[in-house]
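Number of protein chains: 4
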Amino acid sequence: MADLARLVQDIATEMRDASDRGEVASYIPPLARVDPRQFGLCVVTAEGAVHSAGESEEPFSIQSISKVFALTQALGKVGDTLWRRVGREPSGTPFNSIVQLEREQGIPRNPFINAGALVVSDINLAGHAPREAIGELLRFTRYLADDDGIIIDEAVARAEQATGFRNIALANYMKAFGNIHHAPELTLGVYFHQCAIAMSCRQLAMAGRFLMHGGLHLPGGPRVVSAQRARRINALMLTCGHYDASGDFAFRVGLPGKSGVGGGILAIAPGKAAIAAWSPGLNANGNSMLGTLALERLAEATGWSVFNPG
Amino acid sequence: MADLARLVQDIATEMRDASDRGEVASYIPPLARVDPRQFGLCVVTAEGAVHSAGESEEPFSIQSISKVFALTQALGKVGDTLWRRVGREPSGTPFNSIVQLEREQGIPRNPFINAGALVVSDINLAGHAPREAIGELLRFTRYLADDDGIIIDEAVARAEQATGFRNIALANYMKAFGNIHHAPELTLGVYFHQCAIAMSCRQLAMAGRFLMHGGLHLPGGPRVVSAQRARRINALMLTCGHYDASGDFAFRVGLPGKSGVGGGILAIAPGKAAIAAWSPGLNANGNSMLGTLALERLAEATGWSVFNPG
Amino acid sequence: MADLARLVQDIATEMRDASDRGEVASYIPPLARVDPRQFGLCVVTAEGAVHSAGESEEPFSIQSISKVFALTQALGKVGDTLWRRVGREPSGTPFNSIVQLEREQGIPRNPFINAGALVVSDINLAGHAPREAIGELLRFTRYLADDDGIIIDEAVARAEQATGFRNIALANYMKAFGNIHHAPELTLGVYFHQCAIAMSCRQLAMAGRFLMHGGLHLPGGPRVVSAQRARRINALMLTCGHYDASGDFAFRVGLPGKSGVGGGILAIAPGKAAIAAWSPGLNANGNSMLGTLALERLAEATGWSVFNPG
Amino acid sequence: MADLARLVQDIATEMRDASDRGEVASYIPPLARVDPRQFGLCVVTAEGAVHSAGESEEPFSIQSISKVFALTQALGKVGDTLWRRVGREPSGTPFNSIVQLEREQGIPRNPFINAGALVVSDINLAGHAPREAIGELLRFTRYLADDDGIIIDEAVARAEQATGFRNIALANYMKAFGNIHHAPELTLGVYFHQCAIAMSCRQLAMAGRFLMHGGLHLPGGPRVVSAQRARRINALMLTCGHYDASGDFAFRVGLPGKSGVGGGILAIAPGKAAIAAWSPGLNANGNSMLGTLALERLAEATGWSVFNPG
């Protein structure tokens, strides 16, 4: 599909020249040091074509995008009983809000806010050592991406751990309600390492393929999750994947997507493409400014929005 | 499509026999008196076929579903400047919450919660008499449905007006922030009448066709809204159409939808179908219990979820 | 007490020369037009001596200070059953907050925030015409002050009514919870007129005497309220009389007090003095900036704080 | 004062026979095991007379009452700069609420809610080892009470530490806002030990004398704090000393007081008495049910309410 290749290039070119690039996350030094001029885009189509542009091979900290893989892993472990401990409604308040937890007795609104992801980490821990749980997630992600080069950035993990007081507060707060089952510091250990997974746009788009293929690793290949579960993870990404700007992302882009403060976004066009965009500068809602814009351009040009007649 | 006709019948049969039907809205007598044993379903396909079952010709109070038509009308009047006065994020709190308005300075989170719909009514009022504004909306709805038999149930409108203290509070509260431009009682008059529009499942599904057809009244027919606007209204329905259970509806059904306390739900499968389901009993979130279940069955059987590979 | 007379004069002199006088309330024109350079102070001692300084004879809009007299009147009508409809805890949020009402099912936290005062007005209305209810309160206030010259400023009442959307919202919101028994517009009529009572510092201090004398109009005179009730009204003034700055007023001044956005403050030194201070400029919490400072000076110099060993 | 001795006895007799005694705090075993039938009362008058009744010599866990002594100690260290890190307004929400911290950027509303007390502990830690800080507070409390027998109940301290997830959450949450200066676990160590101080009613009433004497250890004795500071601590106790029931305590009792979940209450009648009441059963607000009732009886009979003409 020659047009798509050119489109990806054109979008990368537009983004390379953009003047307003947002603000790079500064809460930990390893993120604050990332060069804001970078932009990467990779589109993997249903047919398996890979179109990349910009710094699409540069690894970045996927941060909250890891919540998609961790949720998939946890659902594999405990199935729909997971929803007794985590809701599936948009949060309606900033992503680190603790207010909602008090009102709702320690049950986080969805698995893509920090509190919800901590419960998911607690499920994935499952009585093992944190090291094993994080190793398992890393192997799962490598499998999804067909790429053993994916690693955890230990400097990022250490920095998260040293400054993550708000997440420590969240984990202990939910522990007080009985919704964290392990010692909070163990659950937090899993969580901080999961956020520190580093991937390139190409690796990330590849890892997202199972959500494009209705739960299959590849068309005709082994099943990662059931079709229903793939659909539901996509639904959660659309309603909850961009913190308090999820509605805006659905409005502008119209695709299930999950963002991270490292500037990455994974977006899924079911049956059509798995897409990863990356640019370190964030908008006021904590989502990649150029990544969002690139996906808006791509969805507009391809008609891939799930809200189009198709 | 013989299978679809049978599917619609089968679903209606299952719903007719359901024992747990939820609770009929009781806040005004005309709604409280509705027989909870009723159920209707109507599916209009992209090809124009109409499949109905149950009490699909029985008019019911569409209530909040009117917010979809009113929003479409208001966007036609003021375009995207509307979004200066209304947000487009899920609310994260019960549908009548006033808390969020205080935190966000009188700007409602989205046009499908009551506060947002009141601002939309205020826009549609546009300096005219309430009677004219509501007449215009009624004509627009009749046009969308190709049905001049759609009327306003004056008994419902009067009952809303007599007991709608919470909506009166919302309107006056936003007036204090300057986000209601007319006298609150005029804006409320438009709003209460709009909620009292009565439609059957068939009329409602017909009125929803433009959202299935990418903004066209019919394929090849006149344009109601641009393709982008149709897509965006669908996106808002998916993220915000079921109050604080929007995430759950997306998770279970996977279609843009808008519910009303009269027990109706309008759902859109872009490019495939416009669907109306109705059953008066509501679940704990104020959405039709059997209407939701019927749509879940329909989406599962047809694969129409927007999150499917298609 | 020659020293007290001089002290009152000295304080008025200091306040006359103060450069930072706060901001005059601007939400209605009759208040916005008041000259911010004015300051008045009047101290009535237990022995009946009256010490005044500054513009102590100038009538001003007492606004929320009227809540003390209205509460006293309502307790006389319904006794402690009043506390089923109004709490007696500090509010912890700004004075016009509607959030707390949602959380606490339409029961205002105390009778000195607007919502609570609206319930008190609803009690005082008691099935009569608003005109009669407000006439009764005016007569009661004149009796307390021994002064028939106290009037209602109709221009203020009309302005309140024309712009009081937030209070209209509060009344309708509580009506939705069943905690306003009359038509909201009638209850609001009483409330808006009560806020528009105009009094001078001298009249206000005189009207506060019963709270200094343990509930007696004068020592040895007729009883207005029981000793217990006088004590309790004083307690409410201390914990709730200055909106979200009640703690600060207790900390700095140490006397039961009630402020109004007209810039007046009534303070009680039980057994020692009834005091009224007035200066139109308000601090960030909506309390008279110089009025508070004057009372702090007076309490410090006299040792009248209820927290002193005495 | 023979009458006072009898009054204290009579109150203890009434409380001994009370049937509704509230619920003993059950969140840690050492508190859950306390016999709910106990009641103690001790009144130390300005003249130095000590009147006791019931289990007035039985040590109990003073819990939050320690916040009074810790605040006094911290004010001695940093003076009024303390108020840059802690507010002095009633909280208006349950005592362990984290909501307010989010709204107010990590600044607790007052030093008597847990969050505020944690900041006070952080100030008292002042770069020392937790052991030293807590030793200093213990020595200060012994000095105030003239009693070297006061100790820390290590079993209580360990139990607090093992289950205090909510306090761990609070400390880390404030750390994220920069309002905890030490490592949270150190600050928490001080806090948990301070709560575990055990005192009898007699020891507690003795320790409260400086607040009755305007800041003097004894009349004519050395000064503990300035008269202004004593007054202000009393003011804070009255407005904030009983969590979300502070208004009710002021309304019913009319004295500055501080309660703890161990069932103790310290109350001050300035210039008249320092009082300690204890009964382990708590009311719905977490304050001693019989302790509050006993103080209400005492204040009514003696006329010691600060809101009385005196």
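Protein chains in written order, with the UniProt record's numbering: chain A, 1 to 310; chain B, 1 to 310; chain C, 1 to 310; chain D, 1 to 310.
We put the beta carbon where it would ideally sit given N, CA and C, even for glycine.
Taken atom to atom, the span from the alpha-carbon of Arg37(A) to that of Arg231(B) is near 32 Å. DSSP places Ile265(B) in the uninterrupted beta strand (DSSP E) bounded by Gly264 to Ala269. Residues of the stretch 79-105 of chain B with a C-beta atom less than 8 Å from some C-beta of chain A are Gly87, Arg88, Glu89, Pro90, Ser91, Gly92, Thr93 and Gln100, listed in chain order. For Cys195(A), there are no neighbours in chain B by C-beta distance under 8 Å, as the nearest C-beta there is about 23 Å away. Judged by beta-carbon spacing, Ala299(C) lies within the 8 Å limit of Gly254(C), meaning their Cβ atoms are closer than that value. Collapsing the DSSP output to three states places Glu47(A) in coil. The three-state secondary structure of Glu300(B), taken from DSSP, is helix. Contact of Asn234(A) with chain D by beta-carbon distance below 8 Å is absent, the smallest such distance being about 31 Å.
At a cut-off of 8 Å, the C-beta of Arg229(A) has no neighbouring C-beta in chain B. At a cut-off of 8 Å between beta carbons, Pro256(C) contacts chain D.
The stretch 3-20 of chain B makes no contact with the stretch 54-68 of chain A; the number of CB pairs closer than 8 Å stays below 3. Of all alpha-carbon atoms in Gly106(C), Asn124(C) and Arg109(C), the one lying nearest the alpha-carbon of Gly76(C) is that of Asn124(C).
Around the beta-carbon of Ser26(C), fewer than 16 other beta-carbon atoms lie within 10 Å, marking it exposed. Per DSSP, the continuous alpha helix (DSSP H) segment holding Ile123(C) begins and ends at Asn114 to Leu125. When C-beta atoms of the stretch 244-254 of chain C are compared with those of the stretch 201-211 of chain C, fewer than three pairs fall below 8 Å, so the two segments do not count as touching. For the 8 Å CB-CB criterion, Glu89(B) and Arg109(B) form a contact. For the stretch 165-176 of chain D, the residues whose beta carbon sits under 9 Å from a beta carbon of chain A are, in order, Phe165, Arg166, Asn167, Ile168, Ala169, Leu170, Ala171, Asn172, Tyr173, Met174, Lys175 and Ala176. Taking a contact as a CB-CB distance under 8 Å, the pair Gly310(D) and Gly271(C) counts as one, their CB atoms being some 5 Å apart. Within 7 Å of the CB of Cys240(B), the CB atoms of chain A belong to Gly247, in sequence order along the chain.
Residues of chain C whose Cβ lies closer than 7 Å to the Cβ of Phe251(D) are, in chain order, Arg88, Arg232, Ala235 and Leu236. Contact between the stretch 105-122 of chain A and the stretch 158-174 of chain A is present: 3 or more CB-CB pairs across the two stretches fall below 8 Å. Around the beta-carbon of Glu23(B), fewer than 16 other beta-carbon atoms lie within 10 Å, marking it exposed.
Shortest Cα-Cα distance from Ile134(B) to any of Tyr191(B), Ser19(B) and Asp17(B) involves Tyr191(B).
Under DSSP, Cys42(A) takes part in a beta bridge, and its partners are Ser52(A) and Ala276(A).
Straight-line measurement puts the Cα of Ala235(B) at about 26 Å from the Cα of Ala207(A). It is roughly 10 Å from the alpha-carbon of His128(B) to the alpha-carbon of Thr187(B).
The distance from the Cβ of Val44(D) to that of Ala274(D) is about 5 Å, consistent with a contact at the 8 Å cut-off. Residues are counted here when their Cβ sits less than 8 Å from a Cβ of chain A; for the stretch 195-223 of chain B these are Met212, His213 and Gly214, given in chain order.
Exclusion of the five residues before and after Arg21(D) leaves Pro36, Ser279, Gly281, Met289 and Leu290 as the residues of its chain whose Cβ lies within less than 7 Å of its Cβ. Of all residues in the stretch 286-309 of chain C, those with a C-beta nearer than 7 Å to a C-beta of chain D are Ser305, Val306, Phe307, Asn308 and Pro309, reading in chain order. Within the same chain, Ile28, Pro30, Leu31, Ser61, Cys195, Ala196 and Ala198 come within 8 Å of Val156(D) by CB-CB distance, once the 5 residues on both sides are set aside.
Relative to Ile151(B), the option among Thr13(B), Leu137(B), Gln161(B) and Ala162(B) whose CA is nearest is Leu137(B). Against chain A, the CB of Pro108(B) has no partner CB under 8 Å away; the residue lies outside that interface. Under the DSSP assignment, Gly22(C) falls outside any alpha helix (DSSP H); it carries neither an H nor an E label. If you draw a straight line from the Cα of Ala12(A) to the Cα of Asp122(D), it comes to about 51 Å. The DSSP-derived three-state label of Ser288(B) is strand.
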